[in-house]
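Step one of this worksheet: look at the structure below.
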Amino acid sequence: MAKSKHRPKISKHSVFSSAGTPKYIGKPIEGEAELRLIQYNNAGVLITENPNIEQIARKREPGFNHWIDLEGIHFTKLVERTAAAFDLHPLLVEDILNTTQKAKLEYFEKNDLLFACLKVPRRNPQSQTIETEQVSLILMRDMAISFQELDNTDVFSPILERMNRENSKTKRSRIDYLFYSFFDTITDYYYLSLSEIEEALESLEEEILAEARPLHQQRLFYLKREIIYLKKSLSPLKEIIGQLIRDDHHFFTDESKNYLKDVLDHVTENLDSIDTFRDDIESLTSNYHSQLSNKMNSVMKTLTVLTAIFMPLTFIVGIYGMNFDNMPELRQQNGYFYTLAAMALVAASFWIYFKWKKYI
Amino acid sequence: MAKSKHRPKISKHSVFSSAGTPKYIGKPIEGEAELRLIQYNNAGVLITENPNIEQIARKREPGFNHWIDLEGIHFTKLVERTAAAFDLHPLLVEDILNTTQKAKLEYFEKNDLLFACLKVPRRNPQSQTIETEQVSLILMRDMAISFQELDNTDVFSPILERMNRENSKTKRSRIDYLFYSFFDTITDYYYLSLSEIEEALESLEEEILAEARPLHQQRLFYLKREIIYLKKSLSPLKEIIGQLIRDDHHFFTDESKNYLKDVLDHVTENLDSIDTFRDDIESLTSNYHSQLSNKMNSVMKTLTVLTAIFMPLTFIVGIYGMNFDNMPELRQQNGYFYTLAAMALVAASFWIYFKWKKYI
Amino acid sequence: MAKSKHRPKISKHSVFSSAGTPKYIGKPIEGEAELRLIQYNNAGVLITENPNIEQIARKREPGFNHWIDLEGIHFTKLVERTAAAFDLHPLLVEDILNTTQKAKLEYFEKNDLLFACLKVPRRNPQSQTIETEQVSLILMRDMAISFQELDNTDVFSPILERMNRENSKTKRSRIDYLFYSFFDTITDYYYLSLSEIEEALESLEEEILAEARPLHQQRLFYLKREIIYLKKSLSPLKEIIGQLIRDDHHFFTDESKNYLKDVLDHVTENLDSIDTFRDDIESLTSNYHSQLSNKMNSVMKTLTVLTAIFMPLTFIVGIYGMNFDNMPELRQQNGYFYTLAAMALVAASFWIYFKWKKYI
Amino acid sequence: MAKSKHRPKISKHSVFSSAGTPKYIGKPIEGEAELRLIQYNNAGVLITENPNIEQIARKREPGFNHWIDLEGIHFTKLVERTAAAFDLHPLLVEDILNTTQKAKLEYFEKNDLLFACLKVPRRNPQSQTIETEQVSLILMRDMAISFQELDNTDVFSPILERMNRENSKTKRSRIDYLFYSFFDTITDYYYLSLSEIEEALESLEEEILAEARPLHQQRLFYLKREIIYLKKSLSPLKEIIGQLIRDDHHFFTDESKNYLKDVLDHVTENLDSIDTFRDDIESLTSNYHSQLSNKMNSVMKTLTVLTAIFMPLTFIVGIYGMNFDNMPELRQQNGYFYTLAAMALVAASFWIYFKWKKYI
Amino acid sequence: MAKSKHRPKISKHSVFSSAGTPKYIGKPIEGEAELRLIQYNNAGVLITENPNIEQIARKREPGFNHWIDLEGIHFTKLVERTAAAFDLHPLLVEDILNTTQKAKLEYFEKNDLLFACLKVPRRNPQSQTIETEQVSLILMRDMAISFQELDNTDVFSPILERMNRENSKTKRSRIDYLFYSFFDTITDYYYLSLSEIEEALESLEEEILAEARPLHQQRLFYLKREIIYLKKSLSPLKEIIGQLIRDDHHFFTDESKNYLKDVLDHVTENLDSIDTFRDDIESLTSNYHSQLSNKMNSVMKTLTVLTAIFMPLTFIVGIYGMNFDNMPELRQQNGYFYTLAAMALVAASFWIYFKWKKYI
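Protein chains in written order, with the working numbering: chain X, 1 to 360; chain L, 1 to 360; chain H, 1 to 360; chain F, 1 to 360; chain Z, 1 to 360.
Written out as structure tokens, the structure reads:
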């Protein structure tokens, strides 16, 4: 029951108020926000908790790549402080804080920065729903800022892990390789959700092809909704990465663009998989309904055969249950047995007839 | 019954008459029209009822933004007087007065003005319909004129309220920020209708997934119609705002265009929501029909099981109701009880058989 | 029966013959053709029956706009004579005479004229069909020729009526305003047919939503066919008027093009209405089938309930109709009444069970 | 049964062999090929059987248009000889000989010739299938070569007939008018097949609208297949003629292009007719299924009414067939007649109830 | 059951790892990889097993075309060694080793080479599935490298066979004719799979049109899946060959491009065949369901006729089975025979009624 509370909500915004008002729109979350500065170069990685943003905004440490990661955008104070330090446009801040809006990419000329608002999916197998977390990225010439919702997990922990490895390509590369890693990692989350859905779909398919049962209908319903939602969430990513590859603002080197093309291939393949899944669900639904029709047909045939055999017999025994004074058959010595034999004959004829008509 | 009177009507116009004839086409409305002049600048807002339009048309008060608001276009005299004062094209006046036509944007070179004809939706939850009010806007370099249908509510009251606030951005900005506010406010009305539809859809979904019942079919029917109508009404707005952003006539500053892009995002998200709703309604309809098929199947199985169990029993009792003189079983001391036992056996066999076939 | 004779026929042409052979292809029509010359200017309108075409072709009366109107293209002689007088291309003449072909617009460089072949719809409410009349227009720099099928009504009579009015815009304008009037008038005929269809659809919708009945299916079938046919007939008009607006041959002044844009808006709105009608018919058809399924379901439930209640009762009375010598119940004083009570109990149990299962 | 042998086959080619190998792929045909040279000018037409191709290839008779017509491409020797004489590309020859491939148009720069591979449809009303013959055309600056499959009929006989007429336009024109005639004639074959299908569809429609019967389903199935196949075969022709009209190689004069445009109009109208037929078949199929549902519904209602009336009656007579010693009613003088009356009352009540419920 | 294990899997890649990591992703395969160098020119073909790749990479034998063929990409060592020798980009190597990714074509500027990743289909008639093998091609100015999965068969053996023939076009041509042969051969594999599917479809169609049976539904389901999968696998090939024909890097001579166009024609025809098959399967599915509905209808009619005939008869015999003291008919001499006659009359009336209603 009441499963519909898991339905993805429509995009929201404050109505009849001025645009650019910083207000958090999303799931109610409690807890403190976390702010980290990650500085890295070929030599190593340096992580500072609660750094002085205003100072970083004014001047970066030479020889280092800088990455500010903020987890917990519901704590609007910190977001506003960051925005003030880097002089971000109010509409940009509004987008960071509104977790119900669509993924998008925008270039802000004034600050010479790229702003990307992205969605990270996570499948909830219990409720058969896709939940998404919003991740906003600000890409500048010499640093990156990422904004995450407060959650159990850090979306970008795989990047940090790889960074900490000996001889990591991220450490050895310019900041645009980090930008690429953001997109690569987010695409991997889509792949993970798709793999889980694939597994669910395969087990459902096996069951339905074995024998369709009413409950399969509901599972197909929820699976289809998941796939539709995943597609709606993934489609903008393809366009965004395409824009980055064509990008006129030269945030990416040609080498990094080769890697972005690789991410684009993955996104495209994920979208293809989603289409395949949709086709599969359509086919399965149609198969499910065909099996149902076949069953109905077979039930009706059973009913007809039963009726055809027993109705005439009941009629015959009814005849000899009549109380007419003059019914010669009733007086015959073997009338009863002849009647039984006749009825057996009638039943057998119908049986043979229905066998011949392939009813049974 | 007779609900179809709420069906949105097709666009109308006077046939076989010259184009450009000023004639009100729309719902019959009674009551006086209202005309207001709103003058504002950073210092404050000045509202004049029934201003001298001809004088304003000739010369604006320097240092002020001017906005003329006319409510009650059915009162064609006032519209014609305004049109005469500003020397508006007859086709433009015809469009203002025809409330059944499509939303559109046109540039009139002669007067150097933009004319926008827009639709403001309001959901009527009782009749499950979307009603629209037509709002026409004339945007000039230094003033705006808005035409509304006479209604209980003033479509643009949220703008006036914000304008009256201390330090309002509208007051501090050039007239194009007011233009933007018009479009922003109208988009918000679409969002409001969509939120209401979302709620209606969610409660319907919950009910159907719990158990499909015939009346749900009608509710799905009306909900789908509402969504289709809302989409038909909203789609032109996307194109209109897109045109304003690309606009070659420089009615908007780059800063205002950033805000228009924000409105465009909202419109796009609303259109996406509408598509999602349509998909949901399709899925629900299909779910509804599947449940119906399943029920039919189960009803048929019940009937078949009943027939299969009682037809043979009735036949057996019929046999021993026959009046043959020579029926040895009838004379046996326990024939009756043996027969009862045999019938119990037959019934049990069928029961087990149908259990095994998963009919019950 | 035999309604399909009203089905719109496919486009025809003479096979395996040379192109450009003047031959009338269309409904067989009897009666004389009529030829009129309408000369008008700001001062007045002058109509000449059976004018000397060859003379007009050579030289026009200065200070007048000229319009030749020919009704009755089945009278090919007159068409050929007109074609000869103005030296028209054989393919153009073939198009005028073939009433089964598609609407189109062509520029003939040699004669510097625009040729438009258009369709005028009329709804036949008895047979629920759309019948079309073909109207061909030849637009020259200083005159117009129109070709109509012979019919009870003159398609362009509204133009003549307006022309005869005091201070008519047509009279005051150049010939291109007349051209515009042709297209405006034809578009109005589409609007008229659509209004009639709308009415038919609304009354059908009301009936179906009240209660679906088999005959509604046929009415939906014919209504859908009408709409499809109207769309096929109207769609080319949109393109044709679009071409006129973009027109490189300067047959229209900018002012006239504004009016053409108004016609284009009407055509687009009519096409939108057609799409809405199609959607409505789809929804109604689906609603119709849902109601049918629901009824089927309810019929089946009735059958099952009846069977479930009376089959066991019939079985019980059958038991006590058996003729065993030793049936103790039969000898009991109140056996009969106990049995009646037991049967009432059985019937009540089933009744309650089915109430609980929502079968009744 | 086994009708599927008439299913159009997929395009074939020799696998894993070099491209350009001349091999006949098509229906096995017996009989000799025929080769004719048709020379014509304004004065007359001269036909030579089995001409010396090599000589013609080297030098044409001045003052004549030349047309070589080869019937019987299964006789590959003759095709190869022709190809050798005119030095044709191996891929071109392969295309001529493969009758299963798609229609296409190619320009061969080396020989400065246009190669068109076209399909001529013929409807087989017995098997309800469309059979196609492949016709290949080689258009050079001063001559044409046509390749046909060996068949009872010469595809281009209408051209020859017209050519032989006094004052024929073909004879008077340059060779490109012949080229145009090829395409015009082939388009006419499509029109002929469509006319036959239209007739078949109309008679089927009449029957279905009168009363749907199971065999109609198969006829709809085959008719739809015919239409789909005709569309697949006709669609490339539209593109090919479009290319000829835009043609950069100047094989056609402007005058001939006007005639080609006329052919293009016919092709487009044929394609439109096909779409109309598809829509009609969809509507008919849906009408067919609706009628079936309605019948099913009415059968079920009949069954339910019968059951509802006779089950209670049978139960009542069963009661008074019981053998209890003490059944007071049985002893009453008029019990039997009262019972009969009661049963008539019960039957009438059910009858009235079902009348009211519109079951009967 | 468990057939779904044959479902084509979604594209896979290692998540959260750096791009460009060489890792085999595909079916687990055992066995040694094979490496061959094929050198050929007009004179002959020379095949070397396990050649010294590094040496070939540095310098080619003059006067020869070189082709390295590697079978068994699961043996990643050999692939990495080849990659190192020719200095291939890590992303290219990753693509070679990942057999789950989509077909694609890429130009690598650094090495001036074309990289093509292609799919070779093979139909498994037992499991009714399409299995694909991945073939990667590296096309350089003067040599080709092909990478295959280890399998029973060498995909390119037809090329080698043709090469070994006297006067083979491949031997006589430049290396780009070999490139063309790769694409031609792979296209032929698609054609082979399609031919097998066509045969399966035709035999299924014959069976269904004869009489639809439940098992046909499953066969249609699998056949449709095969076709969908084949289409998904073939579609990219069309784009790839199109790119080669437009190719800006001049890997192909104009003559070879003519042959590539021939391959493109084959690919397009195969795609057309696939669309035809899909249409056929849709039509068959719809035919299957219609037949089912018709059967259901006929079963229901049988049931209704049986009920209509025997229920009234059973009721009548019930009447005369009642035990009222006063039932005059029972005492009549011929009451029994009159009753039998009456029942025969009732049965005959119903029979005639149902004959007239076309139930039987």
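For glycine and all other residues, C-beta sits at the position ideal for the given N, C-alpha and C.
- Under the Cβ distance rule, residue 52 of chain X does not count among the residues neighbouring chain Z, no pair being separated by less than 7 Å.
- Within chain X, the C-beta atoms nearer than 7 Å to that of residue 315 of chain L come from 310, 313, 314, 317, in chain order.
- Residues of the same chain with a CB within less than 8 Å of the CB of residue 28 of chain L, apart from the 5 flanking positions on each side, are 74 in chain order.
- For the set F/247, F/16, F/306, the Cα lying nearest the Cα of residue 176 of chain F is the one of F/247.
- Collapsing the DSSP output to three states places residue 62 of chain H in coil.
- Boundaries of the alpha helix (DSSP H) harbouring residue 345 of chain L: 335 to 356, taken from the DSSP string.
- No Cβ-Cβ contact shorter than 7 Å links residue 143 of chain F with residue 113 of chain F.
- Counting the other CB atoms within 10 Å of its CB gives residue 153 of chain X a total below 16, which places it among the exposed residues.
- About 5 Å separates the CB atoms of residue 159 of chain H and residue 181 of chain H; that is less than 8 Å, so the two are in contact.
- Of all C-beta pairs linking the region 275 to 287 of chain H to the region 206 to 217 of chain H, three or more are shorter than 8 Å, placing the two stretches in contact.
- The C-beta distance from residue 323 of chain L to residue 323 of chain X rounds to 7 Å, short enough to meet the 8 Å contact threshold.
- When Cβ-Cβ separations below 7 Å define contact, residue 298 of chain Z makes no contact with chain X.
- For residue 246 of chain L, the enclosing alpha helix (DSSP H) starts and ends at 214 to 246.
- Per DSSP, residue 288 of chain X is one residue of the alpha helix (DSSP H) stretching across 254 to 319.
- Comparing C-alpha distances from residue 221 of chain Z to each of X/280, X/219, X/297 shows the shortest one belongs to X/280.
- Below the 9 Å Cβ cutoff, chain L contributes 10, 11, 12, 13, 15 as neighbours of residue 191 of chain H, in chain order.
- With a 10 Å radius around the Cβ and a threshold of 16 neighbouring Cβ atoms, residue 50 of chain L comes out exposed.
- Contacts between residue 266 of chain F and chain H, judged by CB atoms closer than 7 Å, involve 13 in chain order.
- Residue 269 of chain F is a Cβ neighbour of residue 11 of chain H, given a cutoff of 7 Å.
- In this structure, H/69 is the residue among H/132, H/69, H/60, H/346 with its C-alpha nearest to the C-alpha of residue 36 of chain H.
- Put simply, the CB of residue 273 of chain F is far from chain Z, with every gap to its CB atoms at 7 Å or more.
- 214, 217, 218, 221, 224, 225, 228: these are the residues of the region 202 to 229 of chain X whose beta carbon lies less than 8 Å from some beta carbon of chain L, given in chain order.
- What residue 324 of chain H touches in chain L, judged by beta-carbon distance under 7 Å, is 320, 330, 335, 336, going in chain order.
- Within the region 28 to 51 of chain F, contact with chain Z at the beta-carbon level (separation under 9 Å) is assigned to no residue.
- Shown in chain order are the members of the region 94 to 114 of chain X whose Cβ falls below 7 Å from a Cβ of chain L: 101, 102.
- Here the alpha carbon of residue 260 of chain F sits roughly 12 Å from the alpha carbon of residue 186 of chain F.
- If only uninterrupted alpha helix (DSSP H) runs of at least 4 residues are considered, those enclosed by the region 161 to 197 of chain H are 169 to 172.
- Counting only Cβ-Cβ distances below 9 Å, residue 307 of chain H has contacts in chain F at 307, 311, in chain order.
- Here residue 61 of chain L is not near residue 85 of chain L, since their CB atoms are 7 Å or more apart.
- When DSSP states are grouped into helix, strand and coil, residue 126 of chain F belongs to the coil group.
- For residue 104 of chain X, the three-state secondary structure derived from DSSP is strand.
- Comparing C-alpha distances from residue 257 of chain F to each of F/266, F/330, F/83, F/241 shows the shortest one belongs to F/241.
- Rounded to whole angstroms, the Cβ separation of residue 107 of chain Z and residue 249 of chain Z is 6 Å, and the two are in contact under 8 Å.
- Where residue 75 of chain L is concerned, there is no enclosing alpha helix (DSSP H), because DSSP gives it neither an H nor an E.
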